[in-house]
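Peer 1: The sequence shown begins at 571 in the working numbering and counts up one residue at a time. All residues carry an ideal CB built from backbone N, CA and C; glycine is no exception. Remember, predicted model here, so these are calculated numbers, not experimental data. Can you read through this structure? Questions will come right after.
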Amino acid sequence: MRRFRSSAVDYLHLFRAITFRRGINLVQTGVTWILARYFRKIHFPAGPWAASFEPTTSCNLRCPECPSGLKSFSRPTGKADMGLFGQWAEALSPTVIWLNLYFQGEPMLHHNLDKALEIARQHRFYTVISTNGHYLTEEHCGMLVDKRLGRLIISLDGFDQQSYAQYRKGGDYQRVVEGIERMIRIKKEMNSPYPYLIVQTLALRTTEDQLKLRIREIYRKGVDAVEIKTAQFYHPDPENNLMPRTGRWSRYKADATGNFTLKSTLPDHCSRFWGSVVITWDGRVLPCCYDKDGDHMMGNLPDQDFSSIWHGESRRTFAQRLFTHRKGIEICRNCDQGLQL
């Protein structure tokens with residue numbers, strides 16, 4: 571992923587979420603990570619410093635490389651109970667600094683997203699939402715500013731309706747652009763630095779030749795940052811009309827047999843797993859965001875307390891596999907950790 575432009579204000583908002591206890595845990599995360607990576611000593615920190623929570627698996631789009639769009643989940647789908655989320659947020663609060671309010675699905679479709687943001691604000695989390703941008707109404711934009719959302723990522727995977735709709739099936743390019751402009755305007759009207767506004771675009775064959783030019787156009791709209799993200803394909807194939815032609819923007823390369831593989835040696839470690847956790851709408855605790863179907867569930871919050879899951883045998887067993895033979899873990903084979911672009 572490449573980012574263009576950063577903001578001291580954004581970093582200040584993040585810094586404000588670090589309490590003394592969270593700071594100590596962050597240091598412990600770094601120390602225990604070094605012990606695990608270089609000495610294979612598995613000693614977890616007190617808790618994660620980052621977490622992702624899934625408000626819903628529902629989505630209005632049918633993107634071809636997304637389980638939500640394809641309706642291909644093997645785990646249950648639904649919407650989170652915000653009362654339970656409040657309990658889970660309380661359990662995470664001592665150590666978590668960064669909270670993603672998204673995983674699979676479109677978070678803006680949850681009718682109580684404002685309540686989730688209020689809970690997150692009460693716990694002083696630095697909160698991030700990633701959206702496909704179709705629900706940035708006046709009401710929603712005002713709510714996001716009012717709740718002091720730390721960061722809003724808006725996916726714009728195309729630069730006109732034709733290129734956009736090839737990946738964002740069922741999407742409306744102009745509606746997303748208008749939502750971005752509306753968000754910028756309302757931030758100005760409310761004289762607020764919240765949220766830090768990022769437009770994220772996937773590097774696809776349909777857009778790769780336009781990226782530099784279009785990035786300048788997006789900046790002129792007044793967003794805070796633009797990110798280019800490599801696209802994940804479950805079955806990399808040069809015949810796929812979405813897969814980039816140029817190696818620069820592709821997550822994959824051809825091997826000696828002509829098959830496409832990830833541009834990574836998949837080293838036996840992963841910092842993403844070590845300091846973070848994913849929680850699905852129904853309380854399943856997963857190792858990371860690549861476990862979309864919950865195949866490596868480490869516990870279930872309605873039935874267990876979070877600390878017992880974080881320090882439990884399932885997580886320890888997964889860590890031992892990760893630090894000895896990461897290539898043998900299916901969800902790691904498409905991961906951008908360690909990607910060599």
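So Arg854 is in the beta strand (DSSP E); what residue range does that whole segment cover?
Peer 2: 854 to 856
Peer 1: Quick check on Met914: buried or exposed, where buried means 16 or more other Cβ atoms within 10 Å of its Cβ?
Peer 2: Residue coverage of the chain in this structure runs from 571 to 911, which leaves residue 914 outside it and unanswerable.
Peer 1: Run the CB neighbour count on Gln890, radius 10 Å, all protein chains shown included, and call it buried at 16 or more, exposed below.
Peer 2: Exposed, by the Cβ-count rule.
Peer 1: Could you name the residues of the same chain whose beta carbon sits closer than 7 Å to that of Arg691, not counting the 5 residues immediately before and after it, in chain order?
Peer 2: Lys717, Arg718
Peer 1: Return the residue from the list Asp794, Pro615, Phe609, Pro806 that minimises the CA-CA distance to Pro634.
Peer 2: Nearest option by C-alpha distance: Pro806.
Peer 1: Relative to the C-alpha of Asp852, which candidate in Thr831, Pro646, Trp880 has its C-alpha closest?
Peer 2: Pro646
Peer 1: What does the Cβ neighbour count give for Phe673, buried or exposed, with the cut at 16 atoms within 10 Å?
Peer 2: Phe673 is buried by the Cβ-count criterion.
Peer 1: Would you be able to state if there are at least three C-beta pairs under 8 Å between the stretch 723 to 738 and the stretch 777 to 788?
Peer 2: yes
Peer 1: Determine the direct distance from the alpha carbon of Arg752 to that of Leu722, and round the result to whole angstroms.
Peer 2: 13 Å
Peer 1: Alpha carbon to alpha carbon, what distance is there between Glu708 and Ala801?
Peer 2: 31 Å
Peer 1: By how many angstroms is the C-alpha of Lys649 removed from the C-alpha of Phe655?
Peer 2: 11 Å
Peer 1: What is the rounded straight-line gap between the Cα of Thr589 and the Cα of Gly617?
Peer 2: 14 Å
Peer 1: So what's Leu640 in DSSP terms, helix, strand or just coil?
Peer 2: helix
Peer 1: Under 8 Å between the Cβ atoms of His895 and Asp825?
Peer 2: no
Peer 1: Since Leu832 sits in a beta bridge, which residues does DSSP pair it with?
Peer 2: DSSP, once it has assigned bridges, lists Tyr822 as partnering Leu832.
Peer 1: Would you decide whether Leu582 is buried or exposed? Buried here means 16 or more other CB atoms lie within 10 Å of its CB.
Peer 2: Around the beta carbon of Leu582, a 10 Å sphere encloses fewer than 16 other beta carbons of the protein chains shown; the residue is thus reported as exposed.
Peer 1: Let's test the definition: count the other Cβ atoms within 10 Å of the Cβ of Gly828 and tell me whether it reaches 16, buried, or not, exposed.
Peer 2: Counting C-beta atoms within 10 angstroms of its own C-beta, Gly828 has fewer than 16 neighbours from the protein chains shown and is therefore classed as exposed.
Peer 1: Please determine, among Ile785, His680, Ile756, Val597, the residue with the shortest C-alpha to C-alpha distance to Leu772.
Peer 2: Ile785
Peer 1: To the nearest whole angstrom, what separates the beta carbons of Asn682 and Ser622, a pair I think is in contact under 8 Å?
Peer 2: With 8 Å as the limit, Asn682 and Ser622 do not qualify as a contact, their Cβ atoms being about 18 Å apart.
Peer 1: Which value, in whole angstroms, describes the spacing of the CA atoms of Pro808 and Gly675?
Peer 2: 27 Å
Peer 1: Measure the CB-CB distance between Asp906 and Arg821 and report whether it falls below 8 Å.
Peer 2: yes
Peer 1: Quick check: what's the CA-CA separation for Ile604 versus Glu759?
Peer 2: 46 Å
Peer 1: Just to confirm before moving on: does the CB-CB distance between Val746 and Ile768 stay below 8 Å?
Peer 2: no
Peer 1: Applying the 10 Å Cβ sphere with the 16-neighbour rule, what's the burial state of Asn702?
Peer 2: buried
Peer 1: Can you tell which of Ile689, His680, Ala578, Val793 has its C-alpha closest to the C-alpha of Gly749?
Peer 2: Val793
Peer 1: Take Ile849 as the anchor and find which of Ala620, Phe609, Phe614 has the nearest alpha-carbon.
Peer 2: Ala620
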